[in-house]
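Enquirer: The opening position of the sequence shown corresponds to residue 2 in our numbering, with each subsequent residue numbered one higher.
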Amino acid sequence: MRTSEARMRTVSSPAAMRRLSARWRARGLSVGFVPTMGALHRGHLSLVERARAENDRVVVSVFVNPTQFGPQEDFSRYPRPFRRDASLCRKAGADALYHPAPGVMYPPGFSTFVEIPDLSAPLCGRSRPGHFRGVATVVLKLLNQVSPDRLYLGEKDFQQLTVLRRMVRDLDLPVAVRGCRIHRERDGLAMSSRNAYLTPQERALAPRLRAALGLCAAAARRGSAPAAALGAGRRALRAIPGVRLEYLELVDPETLQPVRRLRGKMRLLTALRIGRTRLIDNIAIKV
2 MRTSEARMRT VSSPAAMRRL SARWRARGLS VGFVPTMGAL HRGHLSLVER ARAENDRVVV
62 SVFVNPTQFG PQEDFSRYPR PFRRDASLCR KAGADALYHP APGVMYPPGF STFVEIPDLS
122 APLCGRSRPG HFRGVATVVL KLLNQVSPDR LYLGEKDFQQ LTVLRRMVRD LDLPVAVRGC
182 RIHRERDGLA MSSRNAYLTP QERALAPRLR AALGLCAAAA RRGSAPAAAL GAGRRALRAI
242 PGVRLEYLEL VDPETLQPVR RLRGKMRLLT ALRIGRTRLI DNIAIKV
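(1) Going by beta-carbon coordinates alone, are residue 61 and residue 90 separated by less than 8 Å?
(2) Report the CB separation of residue 50 from residue 93 in whole angstroms; it is logged as a contact under 8 Å.
(3) Looking at the secondary structure, which residues open and close the beta strand (DSSP E) in which residue 34 lies?
(4) If we count the other Cβ atoms within 10 Å of its Cβ and call it buried at 16 or more, is residue 22 buried or exposed?
(5) Note down the Cα distance separating residue 63 from residue 273, rounded to an integer number of angstroms.
(6) Spell out a yes or no on whether the segment 203–221 and the segment 93–107 are touching, meaning 3 or more CB-CB pairs, one atom from each, closer than 8 Å.
(7) Tell me the rounded alpha-carbon separation between residue 145 and residue 276.
(8) If I'm right that residue 248 touches residue 152 with Cβ under 8 Å, what's the distance once you round it to whole angstroms?
(9) Between the beta-carbon of residue 34 and the beta-carbon of residue 169, is there less than 8 Å?
(10) According to the Cβ coordinates, are residue 12 and residue 149 closer than 8 Å?
(11) Within 8 Å of any Cβ in chain C, is that where the Cβ of residue 239 sits?
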């Protein structure tokens, strides 16, 4: 796979990224791509490592995308430790770090967006209108610039993964989407860049969050009706001090529509707030 030829390159313009990818492709090399907003953690690095194992070259993008943040969301305070991110990417085996500026990605007069309405509207879409439009648009632009063979996405952002799979399918994009398992802290909290916002007191609630989801998942696997399983999970989550539940739903993993019968593959998804921090998580269930 990787030769001793290259150190990691840092690229900041779409034209330079296209030239680099074209040189690799002219040599018959495969390219894996990991899009991120930076503030990297172990979950991100696991995507880089999988891409490293399956491709000749690996590109990681670090771009805090303004179009996926709402007016009252955390765009301005989202962590941007670029030097640390670059060091982590280098150690994980990335060949290129793509770091475009917002003005390059969205030049004056930009007005074209990608929408997948049926998958974007439920779940997180109810409280974050326009979020998945921003995600789909920036990922399509990045795919056009990087031209990868494979795209690596984490399953923690399961709705995002489902939206992007549909976009790739519907637009006949020549890239294979690889969904990668959730990485968790030792106490069960799903790894997220936003975990850094939690106070020590809020962070201590993580085992109870995981236990509440496990309670709901166990009830579903025992064959409880969807309403009963979800009711048990919602009560357990709302009993945790400081937690505000946005949703807890059992859905079909392809359509994201609520399941009526507990049969086959399902996904238990939740979004909640602890203090000022919004967290999401999910569990795969098979009955």
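Glycine included, C-beta positions come from ideal geometry on N, C-alpha and C.
Expert: On the basis of the data shown:
(1) yes
(2) 6 Å
(3) 32–37
(4) buried
(5) 26 Å
(6) no
(7) Whole-angstrom Cα-Cα distance: 38 Å.
(8) That belief does not hold up - the Cβ atoms of residue 248 and residue 152 are roughly 27 Å apart, past 8 Å.
(9) no
(10) no
(11) The displayed structure is made up of one protein chain only, and chain C is not part of it.
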